[in-house]
Amino acid sequence: MSSLSPFIAVILIAMQTFKRSIFLFLVLGILFSPGCSSKSPFNKEDETPLKTADTFYKMLMWKYYDRAAAFVHHDQLVAYDTFTTENEDDLNITGYEIKDYTPIDEENAKVKVLITFYRYPSVVEKKLTLWNEWNKVNEAWFVNYEFLTSDFTREELN
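Below you can see the structure in the form of structure tokens.
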């Protein structure tokens, strides 16, 4: 037993060192990960209509309507508020895919998005393709789209 004691002591010291290394690695990983950076969705340095549109549609999909409103052009806020209020309980966006991007000039662009959704009481998933205009105002991009409930209720949708 006495011959194993120094061996066990060396293993215990090695385990302590290993635990410290793992802890340090985890702390450094968290500090330098992109998720912990100071950038927000409203950072204007590298903002593009595609990045902004992606964030906007993601927020709509998860029903973060208040957060998504920050990306809506001021001319469309009333229509957006009406749209989200009317559809809050029964419209469920299950996915989206940005299909196309067309820059018009430095301050205007069009984004084509395919939205998949269902509307209660039905659970049949439908698809809707929209072209949304995005405008750059004070270095930030805003969707300038007239939010219509009828877009999500038309009979010709598959």
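Under my numbering, think of the first position of the sequence shown as 2, with each following residue one higher.
Here a beta-carbon is modelled for each residue, glycine too, at the ideal position from N, C-alpha and C.
These figures come from a predicted structure and were not determined experimentally.
Cβ of Val-144 within 8 Å of Cβ of His-74?
Yes.
Could you please give me the residues that DSSP links to Leu-131 through a beta bridge?
Val-114
Nearest-angstrom Cα distance between Asp-77 and Ile-94?
According to the sequence displayed, residue 77 carries Gln and not Asp. Here the C-alpha atom of Gln-77 lies approximately 20 Å from the C-alpha atom of Ile-94.
CB Lys-100 to CB Val-79, shorter than 8 Å?
no
Classify Phe-143 as helix, strand or coil using the three-state DSSP reduction.
strand
For Pro-104, which of helix, strand or coil comes out of DSSP?
It is a strand residue.
Tell me the rounded alpha-carbon separation between Lys-128 and Val-138.
30 Å
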